[in-house]
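First residue of the sequence shown? That's 475 in the numbering used here, and the numbers climb one at a time after it.
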Amino acid sequence: MRVLFLTPQLPFPPHQGTQIRNYQLLRAAASAHQVDLISFVRPGESLHRAAPLQELCGQIWVLPVPPDRSPTARLGTLFTSRHPDLAFRLRSEGIADTLRAVANGNRYDVIQVAGLEMARYLPTVRTAAPRAHLVFDDHNAEYRLQARAAAVDARRTASWPKALYSLAQYLKLRRYEAWACRSADAVLAVSETDAAALRGLAPKVRLWVVPNGVDCAHYQSEPSSTADPAALLFTGTMDYRPNVDAVEWFVSAILPAISARRPETTLQIVGRAPTPAVQRLASLQKSVVVIGAVEDIRPYFSRSGVFVAPIRIAGGARLKILEALAMGLPVVSTRMGAEGIDLVEGKEVLLADSPEEFAAAVLRLLEDGEQRRQMAAQGRQAAQERFDWNRVAPRLLDIYREVANRGDEETGRQGDGESPLPSLPRGEGPDEG
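This is the structure we're talking about:
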């Protein structure tokens, strides 16, 4: 087949969740099919750092990412548009024109659109390439994430404006995400939990689960003479709201109880773009170290004793937990943080939702070296046997075949003829361009 991927940023180097998933699925597709790519690039980015993409893809088209929308613009559409803020985030006439030109000039069998922020281009793709099978990879059930953000912010009076904003986004996202799912021939979800949430929005959608995974060959723990059992680790993009909330909650509500009993405990926060609120945590607690962006995250896993995932706002499945498991690092998480990842509680992960329970679980691992070692080994085994990308990503190839075969049967075509356009609700999609 000829396959076209449409991604919100270059999938390589794969430094964060969206890039990692897009790269691994693109790599799987390229193992059996001819793959092209259209993507946004940020200032300073170029294809010269993405040699693996050039080896995997026949052609790559890149366009500058649209500038970030101002708070005034976001506030304006909050009151004047029925579409969520996410629908306007990557609005670009340039990429819409490129899509039309590329799709018209190439006969694609499958076009895969990655993430809800790119869903605004689904009608463009459908019109430009009516014969192609349209696959929408919904990386998160975004409407649930906003609902959870509203619930967290509603607990504090000072955060009520944020809660109201998230509630408004949740209501808009329910409608928009349902429209996006109905606009595709196939929808991919990252977990059975997300799949159930999306079926609740669009019951008749054709939906498959391609789980998030981890590159176990890359994430291998090496013996480290500097490993510190009392070192806690959190990783992630640190201007992403769920991650900011997680570390703020951990430092304010959980870490004091741990430090009271184990004063040598430290927390390292590793990840790009830490917000001022995250950076201030280091001044509030001397045991907190904010590292920021790093070229290679693996040494930080190797030097740590416990990985913490105090997530209270979540959707999808967190790659950070899979990376910790692959690196042989025991994990303590909230149930929401580990949602979407099929792990055995007490054996492959410790789960705790209240500050008291979370602190007690971390202390148990800090004080019991044998349990730490057992969980590390069991977590590594789970990553290798159930979550390695080499096991989960090839499911995409089966989905392509099934979608193509079903499409041919339903339209009475055998690779020829016209495929019908989907019935898009009138006026539901955002304006193109």
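For each residue, glycine too, the CB sits at the ideal point set by N, CA and C.
Per DSSP, reduced to three states, the secondary structure at C690 is coil, with no helix or strand assignment. Closest in alpha carbon position to R649, among R680, E666, A593, is A593. Counting only runs of 4+ residues, the alpha helix (DSSP H) found wholly inside the stretch 563-600 occupies 567-579, in chain order.
Per DSSP, the continuous alpha helix (DSSP H) segment holding F775 begins and ends at 772-776. Relative to M849, the option among G802, R809, E813, V877 whose CA is nearest is G802.
Assigned with DSSP and collapsed to three states, H522 falls in helix. Its chain contains T481, N496, D611 as the residues whose beta carbon lies nearer than 6 Å to that of A588, once the 5 sequence neighbours on both sides are disregarded; these appear in chain order. In this structure, the alpha-carbon of I771 lies about 42 Å from that of T554. Spanning the alpha carbons of A734 and Q586 requires a straight line of approximately 51 Å.
Under the three-state reduction of DSSP, V664 is assigned to coil, being neither helix nor strand. Contiguous alpha helix (DSSP H) elements confined to the stretch 483-510 occur at 491-504, taking only those with 4 or more residues.
Residue burial is scored here from C-beta neighbours: G568 has fewer than 16 other C-beta atoms within 10 angstroms and is therefore classed as exposed.
Under the 8 Å Cβ criterion, the stretch 816-827 does not count as touching the stretch 637-651, having fewer than three qualifying pairs. Here the alpha carbon of M475 sits roughly 27 Å from the alpha carbon of G491.
Fewer than three beta-carbon pairs drawn from the stretch 622-629 and the stretch 674-683 are found closer than 8 Å, and the two stretches are therefore not classed as touching. Counting along the chain, P868 sits inside no alpha helix (DSSP H), nor does DSSP assign it H or E at all.
Comparing alpha carbon positions, the residue from D542, V477, L839 closest to I732 is L839. In this structure, the beta-carbon distance from L596 to S513 does not fall below 8 Å. In this structure the stretch 699-717 does not lie against the stretch 813-820, because fewer than three pairs of beta carbons, one per stretch, are closer than 8 Å. The continuous beta strand (DSSP E) containing A705 extends over residues 705-709.
Within its own chain, the residues whose Cβ lies closer than 7 Å to the Cβ of L590, once the five positions on either side in sequence are excluded, are L560, D612, E616, E651, A654, listed in chain order.
Pairing R875 with A851, the inter-Cα distance amounts to about 37 Å. Between V661 and V679, the C-beta spacing is below 8 Å.
By the 16-neighbour rule on beta-carbons within 10 angstroms, W634 is exposed. Taking every protein chain shown into account, the CB of H607 has 16 or more other CB atoms within 10 angstroms, so this residue is buried. The DSSP-derived three-state label of Q759 is coil. Straight through space, the alpha carbons of A602 and H507 are spaced by roughly 21 Å. DSSP, reduced to helix, strand and coil, places G674 within a helical segment of the structure shown. In the structure shown, P540 adopts coil according to DSSP, grouped into three states. Non-local C-beta neighbours of A800 in its own chain, meaning closer than 6 Å and more than five positions away in sequence, comprise V688, C690, Y693, A857, ordered along the chain. A straight line joining the alpha-carbon of P526 with that of V536 spans about 15 Å. Taking 8 Å as the upper bound for CB-CB distance, L870 and A632 are not in contact here, some 44 Å apart. The alpha-carbon of L707 is positioned some 15 Å away from that of T808. The beta carbon of N614 sits closer than 6 Å to the beta carbons of G789, G790 from its chain, once the five residues preceding and following it are set aside; these are given in chain order. Following the DSSP letters along the chain, one finds A652 in no beta strand (DSSP E) but inside the alpha helix (DSSP H) bounded by residues 634-656. Residue pairing for S513: DSSP places it in a beta bridge opposite T481, V536.
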